[in-house]
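Peer 1:
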Amino acid sequence: MNVPRDAARLLLAPIWEDFFARFPLIHLDIAVEDRLVDIVEEGFDAGIRFMERVPKDMIAVPLTEPLRWVIAASPGYLERHGRPVKPQDLHDHRCIQMRISDHSTYPWELGNGNSMLRIEGPGPLRVNDTDTAVDAAKRGIGLVYCLERCIETELGAGALEIVLPEWTSMGAPYAIYYSSRRHLPPGLRELTRVIRETQKL
107 MNVPRDAARL LLAPIWEDFF ARFPLIHLDI AVEDRLVDIV EEGFDAGIRF
157 MERVPKDMIA VPLTEPLRWV IAASPGYLER HGRPVKPQDL HDHRCIQMRI
207 SDHSTYPWEL GNGNSMLRIE GPGPLRVNDT DTAVDAAKRG IGLVYCLERC
257 IETELGAGAL EIVLPEWTSM GAPYAIYYSS RRHLPPGLRE LTRVIRETQK
307 L
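Okay, so the sequence shown: first residue is 107 according to this note's numbering, each after it adds one.
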């Protein structure tokens, strides 16, 4: 199975102990990487992606509720640079940019529905890994845009604070997907069930 890094951390890591206790004879082979792959061409039985990015000819099963995207910064950064009060203020801040698999910069999508804005703010750093971006934000390098669930620990500890909370946006859920011309192998059916149970779906 092919899985992006954030999904591996958020969905797989919490279930390993329970999953293998319940299914000790199942063997899983998982490739953790953020590039978009053709799972059929590359020989994977299934993959995990955001639902909106699953190819139309695939069968997709949601693994989470819709996911909230937020902007966050360290208290030290906000003390030095001030707190943005409207999306346009981001152009005057240091934004940690995310590079996606086609080497483009992922835009920050703010708000929902008719009020949706896309902003690419300037910044000193562009990375292709959420953990690296979050660590830089904790050290005061700039603002980070990511899934709220990726920074729950940092928010709870006060290491990061959400800014522009009224402009958080709801994005697609994670989904497991596989070819409509194949059956999902038994081990992945059990994995899907355990993840959905853990996510209370």
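We put the beta carbon where it would ideally sit given N, CA and C, even for glycine.
Hey, quick one: how far does the alpha helix (DSSP H) through TRP122 stretch, first residue to last?
Peer 2: Sequence index remark: in the sequence shown, residue 122 carries index 16 (1-based). Counting along the chain, the alpha helix (DSSP H) containing TRP122 begins and ends at 122 to 128.
Peer 1: Among all the DSSP beta bridges, which residues are the ones paired with MET276?
Peer 2: One-based indexing of the sequence shown puts residue 276 at position 170. The partner list for MET276 (beta bridge, DSSP) reads ARG174.
Peer 1: Answer with buried or exposed for LEU131, where buried requires no fewer than 16 other C-beta atoms within 10 angstroms of its C-beta.
Peer 2: The residue labelled residue 131 in the question sits at position 25 within the sequence shown. So LEU131 counts as exposed.
Peer 1: Measure the alpha-carbon distance for VAL160 versus GLY293 and round it to whole angstroms.
Peer 2: The residue labelled residue 160 in the question sits at position 54 within the sequence shown. The residue labelled residue 293 in the question sits at position 187 within the sequence shown. Taking the straight line from one Cα to the other gives about 21 Å.
Peer 1: PRO181 lies in the beta strand (DSSP E); which residues open and close that run?
Peer 2: Counting from 1 along the sequence shown, the entry for residue 181 is found at position 75. Note, PRO181: premise wrong, no beta strand (DSSP E); alpha helix (DSSP H) at 181 to 187.
Peer 1: Give the DSSP-derived three-state secondary structure of LEU118 in the structure shown.
Peer 2: For the purposes of this step, residue 118 is taken as the residue at position 12 of the sequence shown. Here LEU118 sits in helix by DSSP.
Peer 1: CB ARG155 to CB ALA281, shorter than 8 Å?
Peer 2: If you number the sequence shown from 1, residue 155 lands on position 49. If you number the sequence shown from 1, residue 281 lands on position 175. Cβ distance < 8 Å, so ARG155 and ALA281 count as in contact.
Peer 1: Would DSSP call PRO168 helix, strand or coil?
Peer 2: Position 62 of the sequence shown, counting from 1, holds the residue named residue 168. DSSP places PRO168 in strand when its eight states are reduced to three.
Peer 1: Which residues share a DSSP beta bridge with GLU267?
Peer 2: Counting from 1 along the sequence shown, the entry for residue 267 is found at position 161. According to DSSP, which records beta bridges pairwise, GLU267 is partnered with ALA179.
Peer 1: With a CB to CB cut of under 6 Å and the five nearest residues on each side skipped, what residues in its chain are close to LEU142?
Peer 2: In the sequence shown, the residue the question calls residue 142 occupies position 36. Excluding positions up to five away in sequence, the list reads SER207.
Peer 1: With a threshold of 16 other CB atoms inside 10 Å of the CB of ASN153, please say whether the residue is buried or exposed.
Peer 2: Working through the sequence shown from its first residue, we reach residue 153 at position 47. Sequence inspection shows Gly at residue 153; the Asn mentioned does not correspond to that position. GLY153 is buried by the Cβ-count criterion.
Peer 1: Are the CB atoms of PRO181 and ARG200 within a distance shorter than 8 Å?
Peer 2: Working through the sequence shown from its first residue, we reach residue 200 at position 94. Working through the sequence shown from its first residue, we reach residue 181 at position 75. No, Cβ-Cβ distance for ARG200 and PRO181 is not below 8 Å.
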